[in-house]
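Residue numbers (this note's numbering), protein chains in the order written: chain A, 132 to 356; chain B, 132 to 356; chain C, 132 to 356; chain D, 132 to 356; chain E, 132 to 356; chain F, 132 to 356. Some notes on the structure that comes next.
Protein chains: 6
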Amino acid sequence: MVKLSGRIFNDVELIRKYIDIVGEESKKRKIVLVSGGGDVARRYISILRSLGGNEAAADMLGIAASRLNAMLMVYSLLDRGIDVYPLVPESLSELAKAFYTHRVVVMGGLQPGQSTTMVSVLAAEYLRISVVANCSNIDALYTDDPSKNPNATRISKATVDYVSELLKKEGVRALAGTYELIDEWALSIMKRSRISMIILDGKDPVRLSRYLENGEVMGTVISPE
Amino acid sequence: MVKLSGRIFNDVELIRKYIDIVGEESKKRKIVLVSGGGDVARRYISILRSLGGNEAAADMLGIAASRLNAMLMVYSLLDRGIDVYPLVPESLSELAKAFYTHRVVVMGGLQPGQSTTMVSVLAAEYLRISVVANCSNIDALYTDDPSKNPNATRISKATVDYVSELLKKEGVRALAGTYELIDEWALSIMKRSRISMIILDGKDPVRLSRYLENGEVMGTVISPE
Amino acid sequence: MVKLSGRIFNDVELIRKYIDIVGEESKKRKIVLVSGGGDVARRYISILRSLGGNEAAADMLGIAASRLNAMLMVYSLLDRGIDVYPLVPESLSELAKAFYTHRVVVMGGLQPGQSTTMVSVLAAEYLRISVVANCSNIDALYTDDPSKNPNATRISKATVDYVSELLKKEGVRALAGTYELIDEWALSIMKRSRISMIILDGKDPVRLSRYLENGEVMGTVISPE
Amino acid sequence: MVKLSGRIFNDVELIRKYIDIVGEESKKRKIVLVSGGGDVARRYISILRSLGGNEAAADMLGIAASRLNAMLMVYSLLDRGIDVYPLVPESLSELAKAFYTHRVVVMGGLQPGQSTTMVSVLAAEYLRISVVANCSNIDALYTDDPSKNPNATRISKATVDYVSELLKKEGVRALAGTYELIDEWALSIMKRSRISMIILDGKDPVRLSRYLENGEVMGTVISPE
Amino acid sequence: MVKLSGRIFNDVELIRKYIDIVGEESKKRKIVLVSGGGDVARRYISILRSLGGNEAAADMLGIAASRLNAMLMVYSLLDRGIDVYPLVPESLSELAKAFYTHRVVVMGGLQPGQSTTMVSVLAAEYLRISVVANCSNIDALYTDDPSKNPNATRISKATVDYVSELLKKEGVRALAGTYELIDEWALSIMKRSRISMIILDGKDPVRLSRYLENGEVMGTVISPE
Amino acid sequence: MVKLSGRIFNDVELIRKYIDIVGEESKKRKIVLVSGGGDVARRYISILRSLGGNEAAADMLGIAASRLNAMLMVYSLLDRGIDVYPLVPESLSELAKAFYTHRVVVMGGLQPGQSTTMVSVLAAEYLRISVVANCSNIDALYTDDPSKNPNATRISKATVDYVSELLKKEGVRALAGTYELIDEWALSIMKRSRISMIILDGKDPVRLSRYLENGEVMGTVISPE
């Protein structure tokens, strides 16, 4: 289970590298990719806000944008002859059907009020996968926001409970298009089903490749306990 | 938007009273009901655990049970000639289609990792409804669990932020079938879309009736701010 | 093609044994299971009747209950790593798609006015399967109801025409939730497509196991001619 | 609820008259039409038999042919500006959705092993309609086949039980494409849900018109009791 | 039937004006909008080409982008309380269902190899609508490309056959994302079903408004004969 | 990719021979068949015209008829134990899912305004197949209609551009049920995705067999360039 930040889709070379990695790894294992919405999501959400839609509608646009990114991955993978499910699943049920008959499945968001990171955790639980590799906008978890606090320390290992404490400092926040790295709800699913998450820098695909090949973590491991 | 605790479905007379209220109120306004899973959910989840399924599967059984309760409402309402959507929507999209062509829609759960209370909040946001009446297993919000702490005080009005602080005392918890009254995620949606929730005692349908008729709250109002 | 009486789902140990058998046999052949509605079906149908629904609605609740039982089987089989279709097919078309890509498929009812035994016969015909093993509430076919007539004799082999004559003594009867062991309609399908049915005692899973392993019938064979 | 024999679709003028009647009556009441498969069904079933398909497949072709006839009705009704559901429902659920939002719905068959007469009875039960007008290949029910037995008497009123006795003389028979006027299973649904059926000569549309306008029955009434 | 060029979605004020017009006109008549893919379509198609997908895949991305634009319209219209179908139809069948129960329907593309202009013509034919207002990237039809040929003359009225002759000068051309104003195939549908098209400058919404209100054409009328 | 003219379905022996060929070839390669509507299509379209439907409706009946022919193929192939997708795909998405899990897929038409030849070209592009074998009503392409012009010459090889020039002589023409051998739109897809088409006499199945086995073309090759 690999989560790809929507920002990756701003850079063709970055996409190409992820496609190379997925193509290569799919020979050895089944892979589920969840792509974020990125710039297109942000753009449409911003237009909608100026025209007067609600937050659920904003999330629906974000979901549609994340599926557009997912389609781009699907068609590029098909072009290389990889056994990828030829559509983007729009529900966990469709994901389950796709997963049992193909080596690669790529999906985007599912429902308003859910980050695509949450989707990757839900999908992992549903398919009994124990680790989510999260290729995100940051390179690792820090004790505080490193751009604001020079004393913020990089964390290489943390438990769900520890991360939950970190989040509690920040209050209730879920505007469409601005979901944080991870949320309480994703943490609670990770805890109940013993799922770990690896935070990796999405701008450096080599880190995903290294993790998939020999388990090396150049980022943070969040473990259920 | 009315959330009905699954426990209501243990008592035929209670169901009948809710059907009477919905039938009566549907002449004046559109109503969306969300029913919980109740005893059938708990029974199947317990069997599954003893046979070895995972938490997502347990939630799927809970969702199926909540839909069974919803179907029971639908068929009873149809029998009285009420303009109810004749199926139980299985996604927000189907809910939207049903809502714009019928006066009453009844649904159950939607996705693993979500309480039916969360579903009622998401559906309210999606349909631009500003209040959720939650006919729950308790009669109101308390400062602590009244069965354990004799000093627990009944709360008649609270903000989302206040309730969020209450929840933080309790830690990360989301076992299928044991979702709490309300969770962080539901609160964040209420906050972002300015939705209020009215906590009412589900065992006393008169309270729902009074609330729908003249806005009287015999329980707790949780307001977005 | 194996039909499981809904009563089996009252007893966790019984379910576990059937799961063991299906898991074991799925290594050797493809298996389609059809589960009945059992106690949950009867309970909801009884509540609906007291609230005023019609017979088609009662059957729909019975179908939903049988699908709940089917889901329980699916999730338990998935947990053991068996190649089972991850959903419960809701039509013969969905069954066909599932059957050609998985080793085990589990389904419940399909339509009002149809027993789940009828579903198992229809599904067998649709998929070109020539025998239905019916793990039922009785241990075999008798010349009369053995609980009422001490002279009732156990039948080990019978033709469809003979069973049809037995049924004609009893008149037209199809209340939701009280479908008999087998009906005229199921017999007519068995006859036209040359399908046999093996009646086995559902409370004794060893009988199914023996039948699947060496063809031994500890009950009744109903043959098309 | 009006059942139209597939044979009607051999004669354009006959179709035109039924469209006139439905158009006229739809101003006064909601109408559900179920069309049979007729000659196209028989032709394809015969080709399939010579190529080697099974009975379920033969029924599926008959269902597809009956839907083709239904589509013809739908498009002709749309062309006259009548509020008809623009598709042919392929399940009882789709029928229910269509029925509550349109004045006319036209469907064909649903499942293998079911005559379209059975479909009309099931649909009537599902939608709480108490009478099915069956525009069939015969002009009324007779005590015996009038083409073979000159002493056969025309029956103007009969109970479900009486018709059931008539059928028992004829044995188990359900080849695709040769379903009889009415079968045991349809009778059992009529009995359990107190549905009547009016047998009318399909070749004389005036009889349907007269029945719908003033209740005059120029054929046979089969009543549940 | 109104076709909106995808370029309109680059400019929030332009979208707002079209929403105002649709909101106003929907009080008087039913409206179907078809939106193009615009810049997002072009961007994703260009990325796909550099990564190696085929033309059908490129068209699929264009369709997804046009649906994103359509969703934006839907949510903005819902926010103003207009009776718009709450989803974006993905087939002509879904369009038909939506059209008969709502006052406004917004859709995007449907299939590879089809421009959204073609979709608007197909949808008009399917729904028996006789005129398509095409808010396009040009302000009218010209005898030649006015940016290349200073002698190109503006055409205010033309027949399908005349436009067809104009197109024949340009040869076979259908790269995804570069569909011309109108193609042979759309012309043939307009001809067979006697549909007219009004070419209007999409950058000036007043022209659509004037046309809808009093039939004034500030562009070109293409008539079937 | 093999297109079968609907006329083939008038002759059982012809169908049987095509089934033999498909059964045999499916051992060596994956096959997608697209069947035309043939006589049933023409008959229903003619009835509809006399009853007053529009061209889109006429095309929908033609599509339904072509799917009936496709179902006949599917059931006959299933009867021989061939790994064929058990349904007839109704969209390109369903085709894609079917194609990646089965060795044979059979489909009919998809949308109004499209010939089944166009469907075979679209499907080929979507699935990255480079040649369409078109078993048509003629034995080859001619420079003119050989039944009218005795000087018409048989063409063994032609480019898309050449065929396009031939078509331009004939004007805009697309009445439902009378689609020509090939149209401009199909040619443009063949050109953009470099797909060839082999025109073969549908009445002589040996020609398809020879082409599939050793590439021998007893008809015309239309190549993209």
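For glycine and all other residues, C-beta sits at the position ideal for the given N, C-alpha and C.
Taking the C-beta atoms as reference points, V262/E is found nearer than 8 angstroms to I326/E.
Judged by beta-carbon spacing, S197/F lies beyond the 8 angstroms limit of A227/F, meaning their Cβ atoms are not closer than that value.
Cβ neighbours of I152/A within its own chain (closer than 8 angstroms, five residues either side excluded): P336, L339, S340, L343.
Within the region 147-192 of chain D, the complete alpha helix (DSSP H) segments of 4 residues or longer fall at 169-182, listed in chain order. Secondary structure at T290/B: strand, using DSSP grouped into helix, strand and coil.
The C-beta of P217/A comes closer than 8 angstroms to at least one C-beta of chain F. By the neighbour-count definition (other C-beta atoms within 10 Å, threshold 16), P220/C is a buried residue. From the beta-carbon of A227/B, the residues of chain E found nearer than 8 angstroms are P217, L218. Within its own chain, the residues whose Cβ lies closer than 7 angstroms to the Cβ of H233/B, once the five positions on either side in sequence are excluded, are D214, V215, Y216, listed in chain order. Those residues of the region 319-344 of chain B placed with their C-beta closer than 7 angstroms to a C-beta in chain A are S319, I320, K322, R323, S324, ordered along the chain. Think of a sphere of 9 angstroms around the beta carbon of R180/E: no beta carbon from chain A falls inside it, the nearest being about 10 angstroms out. Counted as a single uninterrupted DSSP element, the beta strand (DSSP E) harbouring T351/C occupies residues 351-354. Taking C-beta atoms under 8 angstroms as the contact rule, K134/C and C266/C qualify, at a distance of about 6 angstroms. Chain-order list of chain B residues neighbouring V143/C: I178, S181, L182, by C-beta distance under 8 angstroms. Among the residues facing chain B, Y231/D is included, as its CB has a counterpart in that chain under 8 angstroms away.
Residues of chain A whose Cβ lies closer than 9 angstroms to the Cβ of S261/F do not exist; the shortest such Cβ separation is about 14 angstroms. Using beta-carbon distances, P355/A does not count as an interface residue toward chain B, since no partner is under 8 angstroms. For S222/B, no CB of chain E lies under 8 angstroms from its own CB, so it is not counted at the interface with that chain. When the five nearest sequence neighbours on each side are left out, the beta carbons in the same chain lying within less than 6 angstroms of the beta carbon of I139/E are those of L145, G333, in order along the chain.
Residue environment: A188/C is assigned as buried (16 or more neighbouring CB atoms within 10 Å of its CB, all protein chains considered).
With three or more CB-CB distances shorter than 8 angstroms, the region 150-166 of chain C counts as touching the region 247-255 of chain C.
The C-beta of L203/D comes closer than 8 angstroms to at least one C-beta of chain F.
Of all alpha-carbon atoms in M349/D, K299/D, L297/D, the one lying nearest the alpha-carbon of A271/D is that of M349/D. Counted as a single uninterrupted DSSP element, the stretch harbouring V250/C is not any beta strand (DSSP E) but the alpha helix (DSSP H) occupying residues 247-257. Taking 8 angstroms as the threshold, the shortest C-beta distance from E347/C to chain D does not fall below it. No Cβ of chain E is located within less than 8 angstroms of the beta carbon of R173/A. Closest by C-alpha distance to T290/C, out of I260/C, I330/C, A255/C, A254/C, is I330/C. A straight-line Cα-Cα distance of about 15 angstroms links L298/E and M321/E.
Secondary structure note for N141/E: it is in no alpha helix (DSSP H), with a DSSP letter that is neither H nor E. Per the DSSP secondary-structure output, V237/A pairs in a beta bridge with L164/A.
D210/D reaches chain F at L182, G183, G184, N185, A188, counting residues in chain order whose Cβ is nearer than 8 angstroms. Contact of L192/C with chain B by beta-carbon distance below 9 angstroms involves L199, M202, L203, Y206.
I269/F and V352/F have their C-alpha atoms spaced approximately 13 angstroms apart. For N265/F, the three-state secondary structure derived from DSSP is strand. For V215/D, there is no enclosing beta strand (DSSP E), since its DSSP letter is neither H nor E.
Here the alpha carbons of S324/E and L208/D stand approximately 18 angstroms from one another.
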